[in-house]
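Accompanying notes for the structure given below.
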Amino acid sequence: MAIHHDVMHQEQEGAMILQPVTTARLLLRPFLMEDITQGYVAALNDPVVVRFTEVRHQRWDTERTRAYVRACNGPGQPLLIGMFRRDSQQHIGNLILHVTPAHHRVELAFMLWDRHQWNQGYATEAVSAVTEACFRVFGAQKVCAGYYGTHQSSARVLEKAGFIVEARLVNHYVSDGGYVDGIRVAKFQPAHQARQDGRARQG
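Residue numbering for the sequence shown is 3 to 205, as defined by my numbering.
Here is the structure:
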């Protein structure tokens, strides 16, 4: 997958600045106030869309959504990235990155909110591109993610993007009236993974 621009760089004052990333079908760039639409806000309250997310625990309106977007992308804050189709500039989903510079680690989450875009590979395309940019530009040695054990779509996306299962957290979430496990996955920077593989072979 070709990535034509760096996804982010770090300014001296500590704020993470995202630069646009393009893939075959997507433009990945900072999600801005002007990108908020009624369709997006409605999707945040759609039980089908948010079923396997923590977004479902509160009611969203335009004011709350604007406050959340305003809080992101500043010094020490998560990086909120919008997924936009290149052919139409249509906003179809978001990714969020929680960067921990001290440990060279990034926590990634994603949501494809536009149901009409499901099952077309957009989430895998976006996750793969942003993960590789975290390694190349930010210098992360590990990108982590988590999902509900019953959410097979997220499992497939992350597996296709090269993530491996690190842990199963038993009865970690309440979902659909019962307890479900949490699955923790990670993808390592290729050079780090090669060193680990070499040690395993030597052992």
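Idealized CB from N, CA, C, for every residue including glycine.
Top-ranked residue by Cα proximity to residue i, from the options
| i | options | result |
| --- | --- | --- |
| Ala44 | Leu34, Phe165, Leu97, Thr67 | Thr67 |
| Ala125 | Ser155, Leu99, Arg186 | Ser155 |
| Ile83 | Asp48, Val71, Ile98 | Ile98 |
| Ile94 | Pro103, Phe112, Ala104 | Phe112 |
| Tyr149 | Val52, Met35, Pro22 | Val52 |
| Lys162 | Val172, Val187, Leu171 | Val187 |
| Thr133 | Asn47, Met35, Gln191 | Gln191 |
| Val23 | Gln122, Ile38, Arg138, Gln119 | Arg138 |
| Leu34 | Cys136, Asn47, Ala69 | Ala69 |
| Arg61 | Ala157, Gly180, Pro49 | Pro49 |
| Trp120 | Gln91, Ala104, Arg158, Pro103 | Arg158 |
| Gly78 | Pro103, Gln122, Asp37 | Pro103 |
| Ile206 | Gly179, Gly123, Ala193, Val71 | There is simply no residue 206 to check, as the chain begins at 3 and stops at 205 in what is shown. |
Enclosing alpha helix (DSSP H) for residue i [first to last residue]
| i | result |
| --- | --- |
| Arg27 | Note, Arg27: premise wrong, no alpha helix (DSSP H); not H, not E. |
| Arg158 | 154 to 162 |
| Arg61 | First-last for Arg61: undefined, no H or E at that position. |
| Ala125 | 124 to 135 |
| Gln40 | 40 to 46 |
Residue i vs residue j beta-carbon contact at 8 Å
| i | j | result |
| --- | --- | --- |
| Lys189 | Gly164 | yes |
| Leu28 | Arg88 | yes |
| Leu114 | Val145 | no |
| Gln101 | Phe140 | According to the sequence displayed, residue 101 carries Val and not Gln. Contact: yes. |
| Met85 | Ala128 | yes |
| Asn96 | Pro32 | no |
| Ala147 | Leu160 | yes |
| Arg107 | Ala142 | yes |
| Val246 | Asp183 | Since the first and last residues shown for the chain are 3 and 205, residue 246 lies out of range. |
Residues that DSSP places opposite residue i in a beta bridge
| i | result |
| --- | --- |
| Cys146 | Glu109, Ala188 |
| His93 | Phe86 |
| Ile98 | Leu82, Ala111 |
| Gly180 | Ser177 |
Limits of the unbroken beta strand (DSSP E) element including residue i
| i | result |
| --- | --- |
| Glu168 | 166 to 177 |
The ligand NAP heavy atom lying under 7 Å from the CB of residue i
| i | result |
| --- | --- |
| Arg31 | Among the ligands in the structure shown, none appear at all, so the ligand NAP cannot be discussed. |
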